[in-house]
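Since the structure comes first, as C-alpha cells, the remarks are kept for the end.
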Amino acid sequence: MQTALRFTIHDRLEGALARTGTLVTPHGEIQTPAFIPVGTKATLKALTPEQLLATGAQAVLVNAYHLYLRPGHELIDRAGGVHAFMNWKGPIFSDSGGFQVMSLGVGFKKVVDMEGEPDQQSTKKKKDKLAWIDNDGVRFKSHLDGSMHRFTPELSMQIQHGIGADITFAFDELTTLFHDYAYQVESLEQRTHPWAVRSLTEHQRLNAERSHRPPQALFGVVQGADHEDLRRQCAKFLGAMDFDGYGLGGALRKSNIGNNVRWMCEELPEDKPRHMLGISEPDDIFDCIENGADTFDCVSPARVGRNGALYTQNGRVNITRLEFKEKFEPFDAACDCYTCQNFTAAYLHHLFKADELLSNTLATIHNERFVVKLVDDIRASISDGTFYEFKTSFLQSYYSHSKIE
RNA sequence: GCCGGAAUCGUGUAGUGGCAAUCACAGGAGACUGUAAAUCUCCCGCCUUUCGGCUUCGUAGGUUCGAGUCCUACUUCCGGCA
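With the working numbering applied, the first sequence corresponds to residues 1014 to 1418, in that order.
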C-alpha cells in the first residue's frame, strides 16, 4: 500500500533546530522549509493554478469549514477530490476548521504584537458571535446564511477525507491569549487532546475504508497558548501518538513566537514534519524555521496584496501611495516575479486606484513569490551554512525603514 | 429678448427662520499572520501638536432679535418660449 507521507531530513543548522528536508506525498514532493499559500475555498483568490505554480509554490492549503459549507465535501468527493476539482496537481493541505471555531466565536488577532498582557485594543471589531464550543464539538452558525451546524472531530475528518487533501489536520481548539491559564489547561485536557485521539481514530478508519483514494496524512495540532509547560505537555502528548506530522498552532505573542516553536519542537519526534499554522511575516518565519518549523501557510501575502500592500526588501509598502503614481519602473527591481518583470509601479498604482481586477492578480503574484522565495532562500542558507548571516542582513534591511518613525 | 428654475466642501448632494456643512464619491494616510476580508480604520474649509480658534452657503443690499433659508437687484448656469 502507498504510504501517505515520507519525510527525509537533509541538512541541519548547528546549534539550532532548523533543518532542510523533503516531504513526499502522493501528489509530489515538497522541499522544506517551504511556504504553502492558502486557497481557502479551493482557489487562491485571483490566481489560476498556473499563475500560482509560477510563483514557485509547491503546495496549497484549503479549508474544511469553507468547503463544507460550499460546495460541500461530498460534491468535491464526487468530483474526484480537490486536486481534480481545482486542477492543482501538486500536494494539498486541508485545515480542520478549528481556526473558524475561534474566529467565528470570539474574533481576535492570532498574533498579538505587544509586550505584557493583551488588552481590548488588540481585539478585532466586535461581531456577532457565531460559534459555541463544548467538549464534544462545536455548534456554529454559517456565516453565509445563518443556518446551524455542528462540527466534531469525526465530522472534520470526514470532510477532510471527502476533500481528499494529502495532509490533513486534527480538529483542535484555538484558544486566545485572553483566556486565563485555567481555561488553557481545560481546553487541552477536555478538548484538544481528546479531539486529537478522536481525529486520529476516525482518520485511520477512513483511510482504510477509502482505499480507492490515495492515502491521506494527518497532523496533530499543538496548542498551549503562551505557556511553556502547556506547550511542552501538549507536544509530548501528541508526539506519542501515531500522527504523520504536527501542526504548530494557537495564539501567539509576537515577541515570543520563536520560544513557542522551540518548546514544541524539543518535545516532538524529530523525524516528523512540523507545520506552522498561519504565519508569514519575515521575522516570524526566520524565528520559526530556526526553532524547528518545516512548512508554513498563511493568508497574509494574498490578503494584504489584494488590499494594496506589497512586500519589498525594505518592508511592506502600500502601492496606493502617491509616490508611486509616476514611478515608471518596476515596483521592485530586485524581484523576479511576473509582475515586477512586466509592469511598472505606476501601472500597479493605477490598477489599484481604478479598482481594476488585475490589481489583485498582479499584487498576489508578487507577494506570494516574495514569501515563497524568502523561505526558499532560507532553505538554501541552511544547506550552505549561511543562515545567520542571511537572517541578519535580510531583517536589517526589511525592518530598517518601517520600524523607524 | 421673455418666462421659470438653480447656485452649500474638489464633485454630486442634505439642510427651507434658531450653533451650516449630512451622505456619497473623489483625494490623503494607515492596518491586515491556520480568509465572515477586491476588506476595514482614520483624515479630508483655514490655523493649531493637542485643547481649541477662525472663516464660509454666487455677488451686493434689505427684512428680522436672528438669514444658507424670506425680499430686491445683479452675475452665472440649466430648462422652456420667441
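Built from N, CA and C at the ideal position, the CB exists for glycine as well.
Distance, residue j Cα to residue i Cα
| i | j | result |
| --- | --- | --- |
| A1238 | R1244 | 7 Å |
| V1124 | R1163 | 27 Å |
| D1257 | E1342 | 47 Å |
| Q1133 | I1391 | For Q1133, the pLDDT reaches just 43, beneath the cut-off of 50, and the residue's location in the model is therefore unreliable, leaving the point undetermined. |
| L1074 | E1402 | 31 Å |
| Q1173 | E1381 | 25 Å |
| E1303 | A1393 | 13 Å |
| Y1412 | E1215 | 45 Å |
| K1154 | D1141 | 10 Å |
| V1274 | G1305 | 7 Å |
| G1052 | A1029 | 32 Å |
| V1032 | L1387 | Per the sequence shown, the amino acid found at residue 1032 is Arg instead of Val. For R1032 and L1387, the distance between alpha carbons rounds to 16 Å. |
| S1293 | F1383 | 11 Å |
| N1373 | S1109 | 27 Å |
| M1289 | D1185 | 14 Å |
| E1027 | D1310 | 25 Å |
| R1091 | V1312 | 28 Å |
| D1147 | P1207 | 12 Å |
| Y1078 | L1261 | 19 Å |
| D1389 | A1070 | 10 Å |
| R1218 | L1251 | 19 Å |
| A1059 | L1370 | 8 Å |
| L1231 | A1183 | 7 Å |
| T1181 | Q1171 | 11 Å |
| D1126 | D1349 | 31 Å |
| L1323 | V1385 | 14 Å |
| M1161 | F1400 | 49 Å |
| T1061 | G1291 | 22 Å |
8 Å Cβ shell around residue i - same chain, five flanking residues per side excluded
| i | result |
| --- | --- |
| P1228 | M1014, Q1015, T1016, A1017, P1039 and N1220 |
| D1284 | F1020 and I1022 |
| M1447 | Since the first residue of the chain shown is 1014 and the last is 1418, residue 1447 is not available in this structure. |
| K1340 | T1357, A1358, A1359 and H1362 |
| T1188 | M1115, Y1196, Q1197, S1200, Q1236, A1238, G1263 and A1264 |
| L1065 | P1050, G1052, L1057, V1073, W1101 and E1381 |
| A1346 | C1353 |
| E1336 | none |
Given residue i as reference, the closest of the options once Cα atoms are compared
| i | options | result |
| --- | --- | --- |
| I1378 | I1043, T1068 and G1034 | T1068 |
| V1330 | T1033, G1118 and A1358 | A1358 |
| E1042 | G1271, L1387, F1106 and P1314 | F1106 |
| G1111 | A1315, L1168 and D1307 | L1168 |
| A1248 | W1276, S1116 and R1032 | W1276 |
| W1101 | D1300, I1176, E1199 and K1340 | I1176 |
| L1157 | P1084, A1097 and D1193 | P1084 |
| P1050 | F1337, L1088, P1104 and H1225 | P1104 |
| G1118 | L1030, W1145 and A1209 | W1145 |
| H1192 | G1150, R1223, K1058 and L1265 | L1265 |
| A1178 | L1080, Q1197, A1059 and K1267 | L1080 |
| Y1351 | G1034, E1063 and A1055 | E1063 |
| V1235 | N1272, L1281 and S1224 | L1281 |
| Y1201 | Q1246, D1126 and V1151 | Note on residue identity: the sequence assigns Leu, not Tyr, to residue 1201. The shortest C-alpha separation from L1201 is found at Q1246. |
| L1427 | R1025, D1024 and G1318 | Because the chain here runs from 1014 to 1418, residue 1427 falls outside it and cannot be looked at. |
| A1097 | R1204, E1279 and R1226 | R1226 |
| E986 | Q1217, C1353, V1151 and E1279 | Absent from the model: residue 986. The displayed extent of the chain is 1014 to 1418, so no value can be given. |
| L1048 | G1398, M1161 and D1297 | According to the sequence displayed, residue 1048 carries Phe and not Leu. The residue with the shortest Cα to Cα distance from F1048 is D1297. |
| T1205 | E1222, V1151 and G1159 | V1151 |
Same chain, Cβ closer than 6 Å to residue i, five either side skipped, listed in chain order
| i | result |
| --- | --- |
| D1307 | T1045, P1046, P1286 and R1287 |
| G1405 | Contrary to the premise, residue 1405 reads as Thr rather than Gly in this sequence. Cβ neighbours of T1405 beyond the five flanking positions: none. |
| G1321 | N1331, I1332, T1333 and F1365 |
| D1300 | I1270 and G1271 |
| Q1113 | Y1078 |
| L1082 | S1155 and L1157 |
| T1355 | Per the sequence presented here, residue 1355 reads as Asn, with Thr not at that position. Contacts found: none. |
Contact set for residue i: own chain, Cβ-Cβ below 7 Å, skip 5 residues either direction
| i | result |
| --- | --- |
| L1036 | L1018, F1020, E1042, I1043, T1045 and P1286 |
| R1316 | none |
| K1338 | A1359 and H1362 |
| V1095 | A1055, V1075, I1089, I1105, I1176, G1177 and A1178 |
| D1149 | T1165 |
| D1024 | R1032, T1033, I1395 and S1396 |
| S1410 | Q1326 and N1327 |
| E1087 | G1175 |
CB-CB length for residue i against residue j, believed under 8 Å
| i | j | result |
| --- | --- | --- |
| I1332 | L1361 | 5 Å |
| P1295 | L1190 | Rounded, the Cβ-Cβ distance is 22 Å, inconsistent with contact. |
Counting only runs of 4+ residues fully inside the segment 1041-1104, write out the alpha helix (DSSP H) ranges in chain order. 1062-1067, 1077-1082, 1086-1091 and 1095-1099
Completely contained beta strand (DSSP E) runs for the segment 1205-1284, where each covers 3 or more residues: 1230-1235 and 1258-1261
Restricting to runs no shorter than 4 residues, where is the alpha helix (DSSP H) found entirely within the segment 1155-1215? 1166-1176 and 1194-1200
Beta strand (DSSP E) runs wholly inside the segment 1317-1353, at least 3 long, in chain order: 1322-1325 and 1328-1331
Run through the segment 1344-1407 for me and flag every whole alpha helix (DSSP H) of 4 or more residues, listed as ranges in chain order. 1351-1355, 1358-1366 and 1370-1396
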